[in-house]
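Encoded as structure tokens, the structure appears first; notes follow it.
Protein chains: 2
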Amino acid sequence: MRISELAERSGTAPATIKFYVREGLLPPAEKTGYNQVSYTEEHVRRLHLVRALVDVGGLPIARVRAVVAAVDDPGTGLQEVMGAAQRALPGREGAPPPSPSSLAAVEELVRAQGWAVLDGNPGVAQAAAVLDGWVAMGRKDLFDSLPEYARAAEVVARADLARVWPDAADRDRSAETVVVGTVLGDALVAGLRRIAQEHVARATRPTTRPATPTATSTPEEPS
Amino acid sequence: MRISELAERSGTAPATIKFYVREGLLPPAEKTGYNQVSYTEEHVRRLHLVRALVDVGGLPIARVRAVVAAVDDPGTGLQEVMGAAQRALPGREGAPPPSPSSLAAVEELVRAQGWAVLDGNPGVAQAAAVLDGWVAMGRKDLFDSLPEYARAAEVVARADLARVWPDAADRDRSAETVVVGTVLGDALVAGLRRIAQEHVARATRPTTRPATPTATSTPEEPS
DNA sequence: ACCAATAGATAGCAGCACTATCGACAGTGG
DNA sequence: CCACTGTCGATAGTGCTGCTATCTATTGGT
Chain A
111 MRISELAERS
121 GTAPATIKFY
131 VREGLLPPAE
141 KTGYNQVSYT
151 EEHVRRLHLV
161 RALVDVGGLP
171 IARVRAVVAA
181 VDDPGTGLQE
191 VMGAAQRALP
201 GREGAPPPSP
211 SSLAAVEELV
221 RAQGWAVLDG
231 NPGVAQAAAV
241 LDGWVAMGRK
251 DLFDSLPEYA
261 RAAEVVARAD
271 LARVWPDAAD
281 RDRSAETVVV
291 GTVLGDALVA
301 GLRRIAQEHV
311 ARATRPTTRP
321 ATPTATSTPE
331 EPS
Chain B
111 MRISELAERS
121 GTAPATIKFY
131 VREGLLPPAE
141 KTGYNQVSYT
151 EEHVRRLHLV
161 RALVDVGGLP
171 IARVRAVVAA
181 VDDPGTGLQE
191 VMGAAQRALP
201 GREGAPPPSP
211 SSLAAVEELV
221 RAQGWAVLDG
231 NPGVAQAAAV
241 LDGWVAMGRK
251 DLFDSLPEYA
261 RAAEVVARAD
271 LARVWPDAAD
281 RDRSAETVVV
291 GTVLGDALVA
301 GLRRIAQEHV
311 ARATRPTTRP
321 ATPTATSTPE
331 EPS
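Protein sequence lines, in the order shown, are assigned to chains A and B.
The working numbering puts the first residue of the first sequence at 111, with every later residue one more than the last.
The working numbering puts the first residue of the second sequence at 111, with every later residue one more than the last.
The following block contains the structure:
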């Protein structure tokens, strides 16, 4: 198929497709002439993958390139593909490194949960950075809630992996599954969390501010 | 205090502080002379809040402005502050709108969970967009896992709100708590999810690919 | 034969988050 | 009193990212 058809089927502008090929997000199409190439169904699904990572996952182009490289390299095992996807996720790159105390807190949490984890896991630094932000705001009560969050995270992780193992025999397919699941999973959990937050906020009827009847007046705006 | 002290205490360059004041992320300091102003402790904590939202939460400046405006406006109730924080989170703005079928699936999930939620909730569109990305990749099995994710999301949401109600009497303090909790909570859950993923992947020993012994050879790299 | 479409290369552009520079002045040590 | 460092506010500039526009040589379709 030609570029216009690929563009139409993926909802992506031809110029953008060319750009993706240049950037290595999309493999070059097979040449059939001086100015004719032939895109395949493989390109369609790869383009869908790229757009999902960019649009829904919010990944920058460079990260997407790293991820698809891991998917395409048959020498990369599923665990490493998952690692690549994890490292690709937008994770506090401009931020200062996490403090040792927060790192220690996270590591203690990991131990308390009975988790086994290597040092390189980016989640550790990310969680520690969150704790740092929290204490910088003068709050400390988050530590008590950590096990609750950790338990929820484990439930999510089990659901994640339950979706991968079924077709673990097909390496390419499951590599894609791992990537999409890891990246889009963050967005899914975040979205569901927003819905659940509103539900819980409405359900537990917070005595909508016990002692300060001011400012409750403004007409209810959808949260 | 003068700008250099504020810069030092917050780890932010003076030029950046000036920029934030211009952009309305930080209130202007009180003038004490032609070229002398006096920053307060309030500025320190506000700057910490802004940096946390930017560095850890990854929010763009414009979103941070909207969030702090909601926090500062005493006429904005806590529910609306939470709504502002939710809408501020990076959520698929460049992406195409979610398909009706995915929206319907999310709404059915919401009903099945017994959740009550208004139309404007950005989580619905976000979750639907994730489903769209998923089906665009030719996978449909995600729907079966949705209730699992929803349950985990509710656990998280309950933990979120349990941290807010305690000091719901202090509107300003709890407004900050809501914002930081909503924004940093996403990052925290995401980080813990990465750790849990690695743990579960190692613990359940995926029979590391049942029928395809190829490509397992590369030396174990920390995922 | 004609014309729209294509490939590939290069240049340009808009947005974002800062950062650098400037001129006028203030506060402080000597 | 006076040099000198620090400060304020304003404006302009920078580096990066993610495309988009333009150009030329060529080609398939009618």
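Ideal placement from N, C-alpha and C gives every residue a C-beta, glycine not left out.
By the 16-neighbour rule on beta-carbons within 10 angstroms, B/GLY301 is buried. Distance from B/VAL234 to A/ILE305 at the Cβ level is roughly 6 Å; contact confirmed, criterion being Cβ atoms closer than 8 Å. Listed in chain order, the alpha helix (DSSP H) elements of length 4 or more contained wholly in the region 114 to 199 of chain A are 124 to 132, 151 to 161, 171 to 182, 188 to 198. Annotated three-state conformation of A/ASP280 is coil, per DSSP.
Between A/TYR144 and chain B, the shortest Cβ-Cβ separation is not below 8 Å. Look at B/GLY248 here: in three-state DSSP terms it is coil, with no helix or strand label. The Cβ atoms of B/ARG268 and A/VAL310 lie closer than 8 Å to each other. Nearest in C-alpha terms to B/ALA198, of all of B/ASP270, B/VAL216, B/THR126, B/LEU169, is B/LEU169.
Counting only runs of at least 4 residues, the region 196 to 273 of chain A fully encloses the following alpha helix (DSSP H) elements, listed from N- to C-terminal order: 210 to 222, 232 to 246.
The criterion of a C-beta distance shorter than 8 Å is satisfied by A/ALA278 and A/LEU188. Taking 8 Å as the cut-off, the Cβ atoms of A/SER212 and A/ASP242 count as close. Listed along chain A is no residue with a C-beta nearer than 8 Å to that of B/ASP282; the closest approach is about 10 Å.
By the Cβ test, the region 142 to 159 of chain A is not in contact with the region 223 to 231 of chain B, since fewer than three Cβ pairs between them sit closer than 8 Å.
In this structure, A/ALA285 sits away from A/VAL166, with a CB-CB distance that is not shorter than 8 Å. Setting aside the 5 residues that flank it on each side, A/ARG173 is surrounded in the same chain by ALA198, each with a C-beta closer than 7 Å to its C-beta; the list follows chain order.
Taking 8 Å as the upper bound for CB-CB distance, A/ALA239 and A/ALA205 are in contact here, some 6 Å apart. The beta carbon of A/VAL289 sits closer than 7 Å to the beta carbons of VAL177, VAL181, VAL191, ALA195 from its chain, once the five residues preceding and following it are set aside; these are given in chain order. A/TYR149 and A/ALA162 do not touch by the CB rule: their CB atoms are close to 18 Å apart, not below 8 Å.
When Cβ-Cβ separations below 8 Å define contact, A/ALA226 makes contact with chain B. About 11 Å separates the CB atoms of A/LEU136 and A/ARG155; that is not less than 8 Å, and the two are not in contact.
For A/LEU294, a Cβ of chain B is located within less than 8 Å of the residue's own Cβ. For B/ARG112, the secondary structure class from DSSP, reduced to helix, strand or coil, is coil. A straight line joining the alpha-carbon of B/SER209 with that of A/GLU151 spans about 22 Å. Under the Cβ distance rule, B/SER255 counts among the residues neighbouring chain A, one pair being separated by less than 8 Å. Within chain B, the residues placing a beta-carbon under 7 Å from that of A/TYR259 are VAL266, ALA269, LEU298, VAL299, LEU302, ordered along the chain. Interface annotation, A/THR314: in contact with chain B, CB-CB separation under 8 Å. In the three-state reduction of the DSSP assignment, A/THR314 falls in the coil class, being assigned neither a helical nor a strand state. At a cut-off of 8 Å between beta carbons, A/VAL181 makes no contact with chain B. 8 Å or more divides the Cβ of A/VAL299 from the Cβ of B/ALA215.
With respect to the 8 Å criterion, B/LEU256 and B/TRP244 are not classified as neighbours on the basis of their beta carbons. Taking the C-beta atoms as reference points, B/HIS153 is found no nearer than 8 Å to A/MET247. In the assembly as shown, B/GLY295 is a buried residue. Its beta-carbon has 16 or more other beta-carbons within 10 Å.
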